[in-house]
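Q: I'd like to ask you about the structure that follows.
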Amino acid sequence: MFKLRNLELLCGAVAATMLAWACDRPESPVSQANKPLFWFGEQCPAAKMTGGGRIDAPFGGPDKNPPASHQYQTFGAHVISDGFASDGSCAVKGSLEWVDHSLRVNGSPLNLHSEQITFVEVLIEDSCKDGALHWGGRLVEKNTGEEYDFEVFDCDNGEPGARNDGFNIALSGPGESQDGYTLDCPSPPSLHPDNICTLTGGNRQFHPTHL
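Note that the working numbering has the sequence shown beginning at 495, numbered continuously upward.
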C-alpha cells in the first residue's frame with residue numbers, strides 16, 4: 495500500500511508539472527488553413543542561442559530596405575536552458591531587446607524589453623540547419639509601460655548570419671496597444687517559412703552542446 499500510494503503521488507506530480515508547462519507555453523501558430531506553421535520538438539532542452547541582428551520588414555527578405563524608409567528592426571537576444579530542474583520547472587534564462595524603427599510610439603521607435611523568460615523548446619525547421627528554438631516569456635513596452643506575453647522564433651542557418659539566419663517575435667496581451675504585434679515576412683522573399691524573417695545583418699549562434 496505504501497509503494498502504491500507513492501506511485502499515485504508521483505503520477506500526480508508529473509501531471510501537474512505538464513499542466514503547468516502547457517499553461518506557460520503559447521499555442522502553436524496556425525496558417526489560414528488552420529494547419530500548424532511550425533512543429534516543435536523537445537521541451538526545455540539543454541541549449542543556448544546568442545547574438546543579435548537586423549530585419550528589414552516589410553518584407554523580411556535578405557535585402558535591406560532603402561535607408562530613408564526607416565523600415566527595419568534591430569534586436570539583441572539570448573536564451574540559455576539547463577533543462578528541467580528538480581522541481582519540474584524549466585531552468586531557463588535569457589533576455590530580449592527589440593527596437594522597431596518603422597513604428598513610432600510616443601515619438602520614439604517601438605522598444606520592447608524582456609522581464610522574464612518562462613519557456614524554451616526545439617523548433618523543427620529544415621531551413622535552420624544549425625539549430626532552432628522557440629522561446630519566450632513576459633516583456634514590457636518601454637514606450638508605454640504595458641506588459642505582454644511574447645514568443646520568439648529563432649533560427650541559426652549557418653554562416654554568415656546575414657542573409658541566412660531567421661528571427662521573428664509575436665506579442666499577445668495583457669497589454670493592448672501592441673497586442674498581436676508581429677512582423678509580416680512572407681516566403682518568398684524570406685528564405686524561411688512564412689513568419690520567420692531573414693536577417694539582413696547580425697548573427698544567431700546555436701550552441702547545441704550547452705550543459
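A virtual CB, placed ideally from N, CA and C, is assigned to each residue, including glycine.
DSSP has D643 in a bridge; who is on the other side?
A: Residue pairing of D643 in beta bridges, as defined by DSSP: R632 and S666.
Q: For G582, list the residues DSSP reports as bridge partners.
A: DSSP output for G582 lists no bridge partner at all.
Q: Cα separation between T612 and G631?
A: 5 Å
Q: First and last residue of the beta strand (DSSP E) that includes G707?
A: The structure shown does not extend to residue 707, since the chain spans only 495 to 705, so no value can be given for it.
Q: Do you know offhand how far C706's Cα is from G546's?
A: The structure shown does not extend to residue 706, since the chain is modelled only from 495 to 705, so the question has no answer here.
Q: D581 to E536, Cα distance in whole Å?
A: Taking the straight line from one Cα to the other gives about 18 Å.
Q: For F613, which beta-bridge partners are listed by DSSP?
A: G630
Q: Can you list, in chain order, the residues of its chain with a C-beta nearer than 6 Å to that of Q565? Leave out the 5 residues immediately preceding and following it.
A: N559 and S596
Q: Contact defined as beta carbons within less than 8 Å: I believe W629 pairs with D648. What is the distance between those atoms, to the nearest angstrom?
A: In this structure W629 touches D648 by the C-beta definition: roughly 7 Å separates them, less than 8 Å.
Q: I'd like the list of long-range same chain contacts for P556, defined as Cβ closer than 6 Å, with 5 residues on each side in sequence excluded.
A: R657 and T692
Q: With DSSP collapsed to three states, give me the class of A551.
A: coil
Q: Kindly indicate which residue of T676, A562 and A585 has the alpha-carbon position closest to the one of K542.
A: Nearest in C-alpha terms to K542, of all of T676, A562 and A585, is A585.
Q: By how many angstroms is the C-alpha of S621 removed from the C-alpha of N662?
A: 14 Å
Q: Based on DSSP bridge pairs, tell me the residues matched to D673.
A: For D673, which the question treats as bridged, DSSP gives no partner whatsoever.
Q: G655 and G601: beta carbons closer than 7 Å?
A: no
Q: Out of curiosity, what's the CA-to-CA distance linking D673 and D624?
A: 31 Å
Q: Helix, strand or coil for S684? Go by DSSP, reduced to three states.
A: coil
Q: On the premise that F534 lies in contact with L665, defined as a C-beta separation below 8 Å, what is that separation, rounded to the nearest angstrom?
A: Not quite, the Cβ-Cβ distance comes to about 19 Å (not below 8 Å), so this is no contact.
Q: What span of residues does the beta strand (DSSP E) with N697 cover, start to end?
A: G695 to H701
Q: Please look up how many angstroms separate the CB atoms of N637 and L677, rounded, as I've assumed it's under 8 Å.
A: Wrong, their Cβ atoms sit about 18 Å apart, outside the cutoff.
Q: Find out if the Cβ-Cβ distance for the pair L553, P683 is shorter than 7 Å.
A: Looking at the sequence shown, residue 553 is not Leu but Phe. Yes.
Q: Could you give the C-beta distance for T568 and R598, rounded to a whole number, given that I count them as a contact under 8 Å?
A: T568 to R598, Cβ: 15 Å. No contact.
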